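Engineer: Numbering (UniProt numbering), first residue to last: 1 to 282.
Glycine is no exception: its CB is placed at the ideal position from the N, C-alpha and C atoms.
On a predicted model such as this, the values are computed, not experimentally measured, just so you know.
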Amino acid sequence: MTGGGDGFAGLNASQAPRFWSSDLPQAARVLAAAHWPASTQCLPDPPRPSYLVVPLLHSTFISTWPSLRQGKKVLPELLYPNPPTTHHRDLASFLAYAERTSLDVASTVYVGTRYEYIVSSTLSQYGIQAVRVGGASDNGIDLLGTWNVPSQNQPIKVILQCKGGSQRAGPSLVRELEGSFIGAPVGWRGSGVVALLVSEKTASKGVREALGRSRWPMGFVSCSSDGAVRQMLWNQRAEEEGLRGMGVTILHADAGNRKSQIVLTYNGERVRSDAKTEVVDV
């Protein structure tokens with residue numbers, strides 16, 4: 001669906017009529033409901049990737065994700081940077097590592113790493129398969145991956161920057177995210193790439209305006225520390241890079257859904273992120 005005058009897609013936010021958002025049900029343009037798990041509080045571990053290690057420069061490796069081979073959409077192998085550590089690869093293994101090493105749960109390392117794994121796990125419900133790559137000299141990139149959407153024959157490549165904690169994301173983080181395009185690995189340069197800023201807080205007016213002004217294809221996701229997505233939005237440039245026709249709506253709580261959820265739509269029909277990324281009738 002097409003965004004408002006400042007180039008956003010999603011649901012119309014009442015406090016800014018020309019801005020598309022997803023966290024205000026009164027302003028929702030109800031498009032569809034999606035078949036997601038009943039509660040986004042449950043965080044299953046993401047599928048473990050199958051690694052093909054090859055003697056490449058700087059000890060990089062090719063990571064072939066079976067989950068990216070969805071239906072007829074077969075993504076060419078992408079060259080991922082080395083993971084920042086070999087001690088853990090997902091939320092469960094990180095929590096075990098933290099307990100084993102008595103890692104301070106209040107430390108920035110614990111809070112940030114835990115949040116990155118939660119974001120990776122949660123966004124897989126929306127067709128985004130991302131792996132943790134953040135570390136020294138990461139150019140502000142915490143997760144890299146792909147986003148399988150019905151509007152494209154090939155998955156969109158995504159760059160994610162995660163900001164856990166209670167601090168509200170400001171416009172400066174949008175400018176920082178713009179810089180990630182310059183420092184992104186080769187596979188995440190050029191066309192068909194979207195960068196997402198992920199924060200526990202919803203987007204401020206300054207963040208929304210900064211995204212709307214940006215010449216880079218970017219979006220924003222609000223994901224709580226326990227894995228509940230409360231807001232998704234993106235700018236006009238992101239639509240041009242593959243999200244045209246995509247929208248966001250709210251699946252309200254009822255007998256079968258314990259909590260309201262953010263869901264994706266395509267041309268007014270719900271999107272179900274299963275093995276084939278189906279678009280089904282409302």
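1) Where does the unbroken beta strand (DSSP E) through K201 begin, and where does it stop?
2) Can you tell me which of the three DSSP states M232 falls into?
3) Does DSSP put E77 in a helix, in a strand, or in coil?
4) Count the other C-beta atoms from every protein chain shown that fall within 10 angstroms of the C-beta of T86, then say buried if there are 16 or more, exposed otherwise.
5) Hey, quick one: how far does the beta strand (DSSP E) through T249 stretch, first residue to last?
6) Output needed for D45: all residues of its chain with C-beta closer than 7 Å, excluding positions within five of it in sequence on either side, in chain order.
7) With H, G and I counted as helix, E and B as strand and the rest as coil, what does DSSP make of R270?
8) Helix, strand or coil, according to DSSP, for I141 in the structure here?
9) Exposed or buried, T108, counting other C-beta atoms within 10 Å across all chains shown (16 or more means buried)?
10) With a Cβ-Cβ cutoff of 8 Å, do V111 and G170 count as a contact?
11) For L103, which residues from the same chain have a beta carbon less than 6 Å from its beta carbon, with the 5 sequence-adjacent residues on both sides left out?
12) Where does L177 sit, in a helix, a strand or coil, going by DSSP?
13) Within 10 angstroms of its Cβ, does A101 collect 16 or more other Cβ (buried), or is it exposed?
Structural biologist: Quick look at the numbers:
1) As a first step, residue 201 is located in the sequence shown; it is residue number 201 there, counting from the start. That residue, K201, is in no beta strand (DSSP E); it is neither H nor E in DSSP.
2) Position 232 of the sequence shown holds residue 232. In this structure, M232 counts as strand in the three-state DSSP scheme.
3) On the sequence shown, residue 77 is found 77 positions in, with the first residue counted as 1. Here E77 sits in coil by DSSP.
4) Working through the sequence shown from its first residue, we reach residue 86 at position 86. Burial call: exposed.
5) Within the sequence shown, the letter at position 249 stands for residue 249. Where T249 is concerned, the enclosing beta strand (DSSP E) stretches over M246 to L251.
6) Translated into the one-based positions of the sequence shown, residue 45 becomes position 45. For D45, the pLDDT reaches just 42, beneath the cut-off of 50, and the residue's location in the model is therefore unreliable, although a value from the coordinates is still provided. Same-chain partners within the cutoff: D90, L91, A92 and S121.
7) As a working mapping, residue 270 is identified with position 270 in the sequence shown. Strand.
8) Working through the sequence shown from its first residue, we reach residue 141 at position 141. In the structure shown, I141 sits in coil (DSSP, three-state: anything other than H, G, I, E or B).
9) Counted from its first residue, the sequence shown places residue 108 at position 108. Result: exposed.
10) In the sequence shown, residue 111 corresponds to position 111, counting from 1. In the sequence shown, residue 170 corresponds to position 170, counting from 1. Going by C-beta atoms, V111 is not nearer than 8 Å to G170.
11) The residue you call residue 103 lines up with position 103 of the sequence shown. Within the same chain, L103 has close Cβ partners Y110.
12) The residue you call residue 177 lines up with position 177 of the sequence shown. L177 falls in the helix class under three-state DSSP.
13) Taking the first residue of the sequence shown as 1, we reach residue 101 at position 101. The sequence given here places Thr at residue 101; Ala does not occur at that position. Exposed is the call here.
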